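The opening residue of the sequence shown carries number 1 in full-length UniProt numbering; numbering runs sequentially from there. Yeah, the Cβ is synthetic: ideal placement off N, Cα and C, and Gly gets one too. The structure presented is a predicted model; accordingly, all values stated were derived computationally and were not measured. These notes are about the structure you will find just below.
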Amino acid sequence: MTTYAIGDLQGCHEEFVALLERLDFDPRRDRLWLVGDLVNRGPGSLACLREVMALGEAATTVLGNHDLHLLAVARGGARENRKDTLAPILSAPDRERLLDWLQSRPLLVRRASPAHGETVMTHAGLLPQWSVDQAAMLADEAEARLAGEGAGAFLEEMYGNEPACWRDDLDGIDRLRMIINAFTRMRFIDGAGCLDFAAKEGLDSAPPGFAPWFQYPRHDDPWLLFGHWAALQGETPASRVRAEALDTGCVWGSRLTALDLESGQRTSVPSRQR
Numbered sequence: 001m002t003t004y005a006i007g008d009l010q011g012c013h014e015e016f017v018a019l020l021e022r023l024d025f026d027p028r029r030d031r032l033w034l035v036g037d038l039v040n041r042g043p044g045s046l047a048c049l050r051e052v053m054a055l056g057e058a059a060t061t062v063l064g065n066h067d068l069h070l071l072a073v074a075r076g077g078a079r080e081n082r083k084d085t086l087a088p089i090l091s092a093p094d095r096e097r098l099l100d101w102l103q104s105r106p107l108l109v110r111r112a113s114p115a116h117g118e119t120v121m122t123h124a125g126l127l128p129q130w131s132v133d134q135a136a137m138l139a140d141e142a143e144a145r146l147a148g149e150g151a152g153a154f155l156e157e158m159y160g161n162e163p164a165c166w167r168d169d170l171d172g173i174d175r176l177r178m179i180i181n182a183f184t185r186m187r188f189i190d191g192a193g194c195l196d197f198a199a200k201e202g203l204d205s206a207p208p209g210f211a212p213w214f215q216y217p218r219h220d221d222p223w224l225l226f227g228h229w230a231a232l233q234g235e236t237p238a239s240r241v242r243a244e245a246l247d248t249g250c251v252w253g254s255r256l257t258a259l260d261l262e263s264g265q266r267t268s269v270p271s272r273q274r
């Protein structure tokens with residue numbers, strides 16, 4: 001059995017199918033980890049959702065910011081953005097089944113392996129101030145709110161850039177919003193673990209006093225798998241942690257990438273987007 005971690009699909013269904021063929025992926029034997037953002041911006045978001053859901057236990061995915069945006073539009077009263085490509089999902093006859101499945105996905109998954117020790121996958125990364133155990137508990141808090149009564153109201157309230165800094169005494173919607181933002185929107189942070197939400201390009205776009213989250217040291221040493229940051233093109237320069245960037249910008253015309261979690265080998269297929 002081989003486990004492959006794959007970067008942001010964002011509706012690139014043709015490339016997803018081509019990559020699975022390149023890998024000779026067999027769901028009876030192999031497993032997939034997907035770093036979130038299954039949907040939006042690409043033309044095949046509905047097909048991506050159906051494909052991953054149909055794989056059942058062979059596929060594990062975490063929630064990304066675009067996945068949460070879909071849920072907020074469908075169930076939280078949020079508005080679609082001009083560049084969204086969510087309409088086919090919202091009008092699909094199986095939309096509620098797909099949305100139920102998506103809404104039950106986790107924010108963090110972890111496993112232990114002889115080769116790499118503790119492996120952790122989130123969409124955007126792992127805040128250096130959080131241990132893996134703390135991050136897992138915080139993910140559980142937000143996941144419980146997404147699965148609970150009144151989840152629609154929470155999906156509306158989760159939008160926003162405040163608070164930008166983690167504190168253990170945060171509570172209520174501020175606490176949940178910060179958890180969601182750290183797991184799904186983080187790129188640049190400062191030494192106190194405060195997030196910047198404006199800079200979204202490469203490393204030279206860092207605001208003064210900020211650096212990529214993976215350039216800060218940790219007190220533990222997990223193998224971190226993340227997506228979200230297409231401008232990195234799969235690289236983590238000057239990283240001070242073991243971090244694998246898997247979003248290689250398929251939806252922007254670059255490529256879709258899979259990482260073999262046993263061998264560390266990467267396999268990519270070119271984008272078919274223009």
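### Task
Compute the Euclidean distance between the alpha carbons of Leu126 and Arg50, then round it to the nearest angstrom.
28 Å
### Query
When you compare only the Cα positions, how much space is there between Arg255 and Cys48?
Arg255 and Cys48: Cα-Cα distance of roughly 16 Å.
#### Entry: Per-residue DSSP class, three states only, for Gly172
helix
### Task
Pick out the complete beta strand (DSSP E) segments inside the segment 42-91, 3 residues or longer, and give them in chain order.
Runs of the beta strand (DSSP E) lying entirely within the segment 42-91, each at least 3 residues long, are 59-61 in chain order.
### Task
Using 10 angstroms around the beta-carbon of Asn40, count the other beta-carbons present and answer buried if the total reaches 16, otherwise exposed.
buried
### Query
Is it the case that the Cβ atoms of Glu201 and Ala164 are separated by a distance below 8 Å?
No. Outside cutoff.
### Query
Using the beta-carbon count (16 or more within 10 Å), is Ser104 buried or exposed?
exposed
### Message
Quick check on the DSSP output: what are the complete alpha helix (DSSP H) runs of length 4 or more inside the segment 138-168, in order along the chain?
### Response
For the alpha helix (DSSP H) assignment, the uninterrupted runs of no fewer than 4 residues enclosed by the segment 138-168 are, from N- to C-terminal side, 151-157.
### Task
Ignore the nearest five residues each way along the sequence and tell me which others in Glu80's own chain have a CB closer than 7 Å to its CB.
Val73 and Leu86
### Query
Any idea which residues DSSP pairs Cys194 with across the strands?
Cys165
### Query
Hey, how far is the Cα of Gln233 from the Cα of Met186?
16 Å
### Task
Use the C-beta contact count for Met178: other C-beta atoms within 10 angstroms, 16 or more gives buried, fewer gives exposed.
It counts as buried.
#### Entry: Secondary structure of Met121, DSSP reduced to three states
If DSSP states are grouped into helix, strand and coil, Met121 belongs with the strands.
### Query
Whose C-alpha, out of Leu46, Pro128, Leu68 and Asp221, is nearest the C-alpha of Pro93?
Leu46
### For Asp260, the three-state DSSP class (helix, strand or coil)
strand
### Query
So what's Leu224 in DSSP terms, helix, strand or just coil?
strand
### Query
If you check the beta carbons only, do Gly152 and Arg95 fall under 8 Å apart?
For Gly152 and Arg95, no; Cβs fall outside 8 Å.
### Query
Whose C-alpha, out of Glu21, Gly7 and Ser268, is nearest the C-alpha of Trp33?
Nearest of Glu21, Gly7 and Ser268 to Trp33, Cα basis: Gly7.
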